[in-house]
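**Student:** Take this structure, written in structure tokens, and hold onto it; I'll ask about it next.
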Amino acid sequence: SQQGEEDPQALSIQEGENATMNCSYKTSINNLQWYRQNSGRGLVHLILIRSNEREKHSGRLRVTLDTSKKSSSLLITASRAADTASYFCATDGDSTDKLIFGTGTRLQVFP
Amino acid sequence: GAGVSQSPSNKVTEKGKDVELRCDPISGHTALYWYRQSLGQGLEFLIYFQGNSAPDKSGLPSDRFSAERTGGSVSTLTIQRTQQEDSAVYLCASSLAGDPRFEQYFGPGTRLTVT
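So this is what it looks like as structure tokens:
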């Protein structure tokens with residue numbers, strides 16, 4: 018079953034604008050990770066946030082986690098054309114040994 | 086250092102033929118995962134290996150799919166009697182341990198097309 022659902026499915030913005038993507042999940046989690054995928058190939062890990070954390074930063078990325086609402090958001094500030102990619106959230110759900118990936122948000126940043 | 090590699094990068098096969106997809110994980114990573122991604126979709130978990138433990142095959146869609154991991158390193162995903170619905174990108178990932186707290190490192194994938 019799908020654990021994570023990203024919203025929106027697709028997002029188009031201009032360079033310099035901020036991009037916000039949301040992820041909702043169904044069961045309790047221990048941690049949530051965000052990944053990026055270029056051109057339908059391998060995914061690259063961006064950031065991990067634990068269930069006892071509310072916010073985490075990494076460069077232009079800011080991730081928040083609200084366990085009461087079972088949701089997370091990924092904010093990319095001052096976007097660049099090179100940020101164009103698909104972004105996936107992944108949670109451990111009720112399993113302790115594998116991640117369940119969401120459906121992804123396709124981000125297009127126009128120069 | 087070397088990342089996760091997969092071969093071939095692209096595979097076109099006729100319906101009914103068998104195919105083998107290979108994954109070379111990062112050296113020292115004990116956990117190895119296979120995923121399938123259909124066009125424009127999310128990742129579908131297929132199978133997971135952790136050390137010498139029995140693999141978690143709960144995601145394999147049918148008995149035509151099998152995988153093995155030799156010597157705790159290289160893994161091969163085999164699809165027998167391929168069907169058109171098997172067309173997808175097959176992604177392999179490895180991590181230091183079989184624990185979702187560790188990030189997964191992905192290979193570039195194998196794009197399988199069944200004609």
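Going line by line, the protein sequences match chains X and G.
When we follow my numbering, the leftmost residue of the first sequence carries the number 18, and every step to the right adds one.
When we follow my numbering, the leftmost residue of the second sequence carries the number 86, and every step to the right adds one.
For each residue, glycine too, the CB sits at the ideal point set by N, CA and C.
Identify the residues that DSSP records as bridge partners of Thr84(X): which are they?
**Tutor:** Answer by DSSP bridge pairing: none, since Thr84(X) is not bridged.
**Student:** When you compare the CB of Tyr175(G) with every CB in chain C, is at least one pair closer than 8 Å?
**Tutor:** Structure shown: chain C not included; protein chains present are X and G.
**Student:** Of all the options Val80(X), Arg71(X), His62(X), which has the alpha carbon lying nearest to the alpha carbon of Ser180(G)?
**Tutor:** His62(X)
**Student:** Consider the Cβ of Gly33(X): report whether some Cβ of chain G lies at a distance smaller than 8 Å.
**Tutor:** no
**Student:** Looking at the secondary structure, which residues open and close the beta strand (DSSP E) in which Arg186(G) lies?
**Tutor:** Premise fails: Arg186(G) is in no beta strand (DSSP E) and is neither H nor E.
**Student:** Check Thr155(G) in the structure and name its three-state DSSP category.
**Tutor:** helix
**Student:** Given this structure, state the Cα-to-Cα distance separating Thr94(X) from Tyr42(X), to the nearest angstrom.
**Tutor:** 24 Å
**Student:** Flag Gly59(X) as yes if its beta-carbon sits less than 8 Å from any beta-carbon of chain G, otherwise no.
**Tutor:** yes
**Student:** Checking 8 Å against the spacing of the C-beta atoms, do Leu28(X) and Ala36(X) come in under that value?
**Tutor:** Their beta carbons are under 8 Å apart, which means Leu28(X) touches Ala36(X) by this criterion.
**Student:** Could you spell out where the beta strand (DSSP E) holding Leu124(G) opens and where it closes?
**Tutor:** First-last for Leu124(G): undefined, no H or E at that position.
**Student:** If you pair each beta-carbon of the segment 161 to 179 of chain G with each one of the segment 114 to 123 of chain G, do three or more pairs fall below 8 Å?
**Tutor:** yes
**Student:** Any beta carbon of chain G sitting closer than 8 Å to that of Thr120(X)?
**Tutor:** Thr120(X) counts as touching chain G.
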